[in-house]
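Novice: What the sequence shown shows, in our numbering, is residues 40 to 1016, in sequence order. C-beta: ideal position from N, C-alpha, C; glycine also. Provided herewith is a single structure, encoded as structure tokens, for subsequent inquiry.
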Amino acid sequence: MTVDQPMFSVLGPLEVRLPGTAPRLGGRKPRMLLATLLLHAGHTVGGDELAEVLWPDHRPRSTAANLRTYASALRAELGQAPARIRALGAGYAIEVPPHELDLLLFEERVAAARECRARGRPGEAAGLLARALALWQGVPLSDLPGSPLWDRRLERLAQARLRAAEDLVELLMAAGEYGEAVGELRALLADHPFREDLWRRLMLALHWSGRQGEALQAFATVREHLVTELGIEPGPELRRAHEAVLAGEPPPRPSAPPGLHTEPVRATASGPPGGASAPHGALVFGTALVVPRQLPPDLVDFTGRAVEVAALTRALAPGGVAVVTGPPGVGKTALAVRCAHAAREAYPHGQLFLSLGGTAWSPAEPGELLAEALRALGAAEPLPPTAHERAALYRTLLAERPMLVVLDDAAGAAQVGPLLPGGGSAVVVTGRRRITELPGAARIDLDVLPQAEALGLLTAIVGGERLEREPEEATAIVRACGRLPLAIRVAGARLAARPGWSPAVLRRRLDDETARLAELRAGDLEVRESFDRSYRLLPDDAARTFRALGLLGTRPLPGWVVDAVLDRHRSDDVTDVLVDANLLRPVGTDLLGQPRYRLPDLLRVDARDKAGGVDMPALARVVAGWTAAAEHATARLPTTVFRLTSPAARRWRLPEDALRLPADPVTWFGAEHETLVEAVRLAAEAGLAGAAWGLAAALVPYFDLRCHLGPWEETHRVALEAARTAGDRAGEAAMLRGLGQVALYRDRYVQAAGMFRRSRAIFRSLGDVRGEAVSVCGLGAAGQFRGDQAAAFRHFRRAFGMFVSLDDRSGEAYARQALGRTCLSAGDLNGAADWLGGALRLARELGDAHREGCVSLQIGRLHDLAGETGRAMRAQGRALTIFEGFGDRHCAAYAMQGLGGLQAARGDWRHGSARLESSLAIFRQLGDRSGEAATRRLLGELHRSSGRRALARGYLHAVTSRQVVEDPVPHTVISHD
């Protein structure tokens, strides 16, 4: 037989074979790093785990740097080998083709052998097992010191080797290859000298090959070992084999497979003793009645899921089929096992539990699974050769013997279909993929636990007294676990195993998202490994999308984001793959009727770790899509005169259905603005300066309209930093202009003026006349608020000239209005009338109703100062009607303020007071401190003039701590109206 030599070997000394060269792997620590990664090939090993392997006694301070150095050296030495070492989060992983690593090749061949055996090809199965076992060259990694962190993996490998060798022996003996079986058995007994079942097989193999004396000598040898070293005599099966050799007879058939409940009976050629029939539903297996009891143990700390438990238990009535699906680690198997135990008394003929391997590289074939089920049911060998025939026999055996069948970790409906027995049996299927094709099946879709149940699970594992001392820390741990049952179970296991830890210790370790999944590992439980089993089955486009979505923050995202990630429209097929795999969760629909999706919290962390770094092209397209959507919505807002755009910012063409905004674009902004703010931050952090400030600038009209000063400042500060880092002067100027406006609204007039001056200087150096004009308008507003009307007039007059030179008529209308307002504040009523009249005419020519409303506010003040109260009230009323029509509550509040003051001046105190109170409520809600102070002052003076001195003092006291300008000016009017 040809001996395979894969490129990487760990089933013996660590070896790396590269064509034409002998790689120098360095000292012990780089070799141990490579060995650890190869033992867990395809999975991420956390930095802490690697440090424990390389430095078990004392870690250096430079652990992370040393790991990077070793990994870099290994990458360089491996060169063009088809293996790649990747840094993922705080850990590392190696990706290697299965045929180039003996460990993976061994597992692959063993799986293929079992499939061949299930398909009735025993000779091919034996050959595959022999080739798999030939890959072993001794004790795994025998040339290295070893590590406790390897033990679990190495133990599983040793058990897999033993099972493979036993399967090979069974196939050889069934084929009459007794001589070869003897050799395999002697090798096994060298490692397992007290295994009586192996000695029994050796005796039979020697006997059947005509070597009766050697068979009897084998019995004498094992008996001496057992009596001398253990003080026991050989067991009944070994003694029966001895008697059969002495008598020259074939040995008795094996007893029931392990794990089956049996009741021995004496069978005769004509049937059971006394001619009685077997009990109804009992299955005869050789000389025993077989009732399979295969359910795994129930979890004693199972917590919550009352609704799901009730629904699944109801579904497990005779003939029922239920499908439990959900993301990895959500507790599907735990729920199925809990409910199966609750229902098992209704199925006295037995319970079957089959693991379908749906998340394995090669899920189990239906024929193989049917063979497993038939053996458990006591079906005589040889089994029918085809899956179709096995399914028929399976249904026949269960037709009169209804059982409860659990099909765990299903890959899909095609795998499950042949395993449905029909009749009175009940079936529960668990799987990560959504399985909707089974007719009449009850579907139960699991999500993460509610907060209270998640805390309950952690408490059940750790203990209530320990968590009650630090309830906030327990809540933080559950939150860091994303309320995922597997993660909570791991976190609880870690705390339970470390009684010296307070919950705060684990909480601090989980706070760091880059190391969180590395922390969520305890013994056989590992969150990342559970996620990996789903991720590795994804097609390339879906895997790329999953990684990119992990970089896009925590907010639910519309479906077109997947289009942008892949740079193609109609990528619903990729979205469906992720949804069906339960890696992406639908979370309702948006205002446009489009579905929204989000990655569950820990899956988002995993996706970001797998991305390794930012997928710049994908992120740039997503931000470009949001910029296009925001600009499309902004164009429908009532005012956009001061909007600054980034010519360098990319716009990604959105699908038509994503551009069908609701009738009120403000509603769309209200629903999306948190996602838009996060997109600005993501772009800025990734260094996409033009995209960051372009989107931030597109949001200004909405932020201004709704007085959202917090997110306005947040987006502009992060974008300003990104622009400065990138040397983007236009972006720096635009963001300074926006931040100056925020400072102006917060009454920080000196700070605002400084930002406007810097913005203006940059725009001037770039030759951007419009940008400079917009900044000069800011300087005018700052001057007016500080009471310097002459300076304000000069700035507005200069901006007016710039807008006229650019033929920017909207800008011109604004400047005319601002000049008229300045004249009013200076007492120049004639000048105010000229400028405001021109502004009103221009607004009407442009069809700009919002501008008309803003000008009407000032015309109302002009008439009031001229003593024309009736005309003043009509102008203010016209402004209020316009603003309410646009849904502009901020400007409407100023119109209410003006009307309320006029009504009170005419003696209509009740209606005037009501108007003022309404405007005050809006100012307080929007955070407009100047508007609030001015209205409080008007109300205080109103109540004082009417004799309500105590009430007046309450209003006036609130404004004594700040200086309010003589003629309050609407901030929104200053900004862009």
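1. Using the Cβ count rule (16 or more neighbours within 10 Å means buried), how would you classify residue 48?
2. To the nearest whole angstrom, what separates the beta carbons of residue 836 and residue 814, a pair I think is in contact under 8 Å?
3. Looking only at its chain, what residues have a beta carbon closer than 7 Å to the beta carbon of residue 237, apart from the 5 residues adjacent to it on each side?
4. From the DSSP output, in three-state form, read off residue 271 for me.
5. Within its chain, find whatever has a CB closer than 6 Å to the CB of residue 370; leave out the 5 residues flanking it on each side and keep chain order.
6. What number of angstroms, rounded off, separates the C-alpha of residue 51 from the C-alpha of residue 218?
7. Excluding sequence positions up to five away, which residues of its chain have a Cβ less than 8 Å from the Cβ of residue 271?
8. Helix, strand or coil, according to DSSP, for residue 304 in the structure here?
9. Taking 8 Å as the threshold, find out whether the stretch 467 to 483 comes into contact with the stretch 434 to 451 through three or more Cβ pairs.
10. Report the option in 616, 44, 553 whose CA atom is closest to the CA atom of residue 576.
11. Assuming residue 819 contacts residue 838 (C-beta within less than 8 Å), just tell me the rounded distance between them.
12. Taking the straight line between their C-alpha atoms, what separation do you get for residue 453 and residue 503?
13. Tell whether a beta-carbon distance below 8 Å holds between residue 929 and residue 816.
14. Put residue 248 into one of helix, strand or coil per three-state DSSP.
15. Determine, using beta carbons only, whether residue 918 and residue 934 come nearer to each other than 8 Å.
16. Does the contact criterion of 3 or more C-beta pairs under 8 Å hold for the stretch 596 to 606 versus the stretch 388 to 398?
17. State the Cα-Cα distance for the pair residue 1017 and residue 899, rounded to the nearest angstrom.
18. Under the rule that 16 or more other beta-carbon atoms within 10 Å means buried, what is residue 45, buried or exposed?
19. Could you tell me which residues DSSP puts in a beta bridge with residue 637?
20. Roughly how many angstroms lie between the CA atoms of residue 766 and residue 757, to the nearest whole one?
21. Could you spell out where the alpha helix (DSSP H) holding residue 1 opens and where it closes?
22. Note the first and the last residue of the continuous beta strand (DSSP E) segment covering residue 134.
23. Start and end of the alpha helix (DSSP H) containing residue 895?
24. Just how far apart, CA to CA, sit residue 479 and residue 360?
25. Skipping 5 residues on each side, what residues in its chain have a beta carbon closer than 7 Å to that of residue 438?
26. Which of helix, strand or coil does DSSP assign to residue 739?
27. Tell me whether residue 610 sits in a helix, a strand or coil according to DSSP, three-state version.
28. Following the continuous alpha helix (DSSP H) through residue 198, name the residue where it begins and the one where it ends.
29. Under the three-state reduction of DSSP, which class applies to residue 100: helix, strand or coil?
30. Classify residue 505 as helix, strand or coil using the three-state DSSP reduction.
31. Report all residues from its chain with a CB closer than 7 Å to the CB of residue 558; omit the five preceding and five following residues, and keep chain order.
32. So residue 4 is in the alpha helix (DSSP H); what residue range does that whole segment cover?
33. Classify residue 71: buried if its beta carbon has 16 or more other beta carbons within 10 angstroms, exposed otherwise.
34. Starting from residue 447 and walking both ways along the alpha helix (DSSP H), at which residues does that stretch end?
35. Pick helix, strand or coil for residue 420, following the three-state DSSP scheme.
36. Using CA coordinates, which residue listed in 415, 588, 571, 514 is at the minimum distance from residue 400?
Specialist: On the basis of the coordinates in this document:
1. Here residue 48 refers to the residue found at position 9 when the sequence shown is read from its first residue. Label assigned to residue 48: buried.
2. Here residue 836 refers to the residue found at position 797 when the sequence shown is read from its first residue. Here residue 814 refers to the residue found at position 775 when the sequence shown is read from its first residue. About 15 Å; that fails the 8 Å criterion.
3. The residue you call residue 237 lines up with position 198 of the sequence shown. 224, 227, 228, 231.
4. Within the sequence shown, numbered from 1, the residue matching residue 271 stands at position 232. Note: residue 271 maps to coil in three-state DSSP.
5. By one-based count along the sequence shown, residue 370 stands at place 331. Answer for residue 370: 524, listed in chain order.
6. Translated into positions along the sequence shown, residue 51 becomes position 12. Translated into positions along the sequence shown, residue 218 becomes position 179. Between the alpha carbons of residue 51 and residue 218 lies a gap of roughly 27 Å.
7. Here residue 271 is taken as the residue at index 232 of the sequence shown, counted from 1. Closer than 8 Å at Cβ, skipping near neighbours: 265.
8. The count along the sequence shown starts at 1 and reaches residue 304 at position 265. With a pLDDT of only 32 at residue 304, under the threshold of 50, the placement of this residue in the model should not be trusted; the figure read from the coordinates follows. Here residue 304 sits in coil by DSSP.
9. Between the stretch 467 to 483 and the stretch 434 to 451 there are three or more C-beta pairs closer than 8 Å, enough to call the two in contact.
10. Numbered from its first residue, the sequence shown carries residue 576 at position 537. Answer by Cα proximity: 616.
11. Mapped onto the sequence shown, residue 819 falls at position 780. Mapped onto the sequence shown, residue 838 falls at position 799. About 7 Å separates the CB atoms of residue 819 and residue 838; that is less than 8 Å, so the two are in contact.
12. Within the sequence shown, residue 453 is the residue found at index 414, counting from 1. Within the sequence shown, residue 503 is the residue found at index 464, counting from 1. Roughly 45 Å separates the two Cα atoms.
13. Sequence index remark: in the sequence shown, residue 929 carries index 890 (1-based). Sequence index remark: in the sequence shown, residue 816 carries index 777 (1-based). Not closer than 8 Å, so no.
14. Stepping through the sequence shown from its first residue, residue 248 is reached at position 209. In the three-state reduction of the DSSP assignment, residue 248 falls in the coil class, being assigned neither a helical nor a strand state.
15. Within the sequence shown, numbered from 1, the residue matching residue 918 stands at position 879. Within the sequence shown, numbered from 1, the residue matching residue 934 stands at position 895. Yes; because the gap between Cβ atoms is below 8 Å, this pair is in contact.
16. Output reads no: the stretch 388 to 398 does not touch the stretch 596 to 606.
17. In the structure as shown, the chain begins at 40 and stops at 1016. Residue 1017 is therefore absent and cannot be evaluated.
18. Reading the sequence shown from its first residue, position 6 is the one you call residue 45. Using a 10 angstroms sphere on the CB of residue 45, the tally of other CB atoms reaches 16 or more, which defines it as buried.
19. Numbered from 1 along the sequence shown, position 598 holds the residue referred to as residue 637. The partner list for residue 637 (beta bridge, DSSP) reads 624.
20. On the sequence shown, position 727 is the one that residue 766 refers to. On the sequence shown, position 718 is the one that residue 757 refers to. Using only the alpha carbons, I get a separation of about 14 Å.
21. Because the chain spans 40 through 1016 in this model, residue 1 falls outside it and cannot be assessed.
22. Numbered from 1 along the sequence shown, position 95 holds the residue referred to as residue 134. Residue range 130 to 134 is occupied by the beta strand (DSSP E) that includes residue 134.
23. For the purposes of this step, residue 895 is taken as the residue at position 856 of the sequence shown. Residues 888 to 904.
24. Walking along the sequence shown from the start, residue 479 turns up at place 440. Walking along the sequence shown from the start, residue 360 turns up at place 321. The straight-line gap from Cα to Cα measures roughly 7 Å.
25. Residue 438 sits at position 399 when you count from the first residue of the sequence shown. Scanning its chain for C-beta atoms nearer than 7 Å, with the 5 sequence neighbours on each side dropped, one finds around residue 438 the residues 462, in chain order.
26. Numbered from its first residue, the sequence shown carries residue 739 at position 700. Under the three-state reduction of DSSP, residue 739 is assigned to helix.
27. As a first step, residue 610 is located in the sequence shown; it is residue number 571 there, counting from the start. Coil at residue 610, not helix or strand.
28. As a first step, residue 198 must be located in the sequence shown, where it is residue number 159. Here the alpha helix (DSSP H) through residue 198 covers 187 to 213.
29. To locate residue 100, count along the sequence shown from 1; it is residue 61. Of the three classes helix, strand and coil, the one that applies to residue 100 here is coil, per DSSP.
30. Here residue 505 refers to the residue found at position 466 of the sequence shown. Helix, per DSSP.
31. What you label residue 558 is simply residue 519 of the sequence shown in a count that begins at 1. Cβ within range, chain order: 548, 549.
32. Residue 4 lies beyond the stretch modelled for the chain, which goes from 40 to 1016, so this question has no answer here.
33. The residue given as residue 71 occupies position 32 in the sequence shown. Residue 71 counts as buried, since no fewer than 16 other beta carbons sit within 10 angstroms of its beta carbon.
34. Position 408 of the sequence shown, counting from 1, holds the residue named residue 447. Note, residue 447: premise wrong, no alpha helix (DSSP H); beta strand (DSSP E) at 443 to 447.
35. Locating residue 420 in the sequence shown gives position 381, counting from the first residue. Here residue 420 carries a coil assignment [DSSP, helix/strand/coil].
36. Numbered from 1 along the sequence shown, position 361 holds the residue referred to as residue 400. Ranking the options by Cα distance to residue 400, first place goes to 571.
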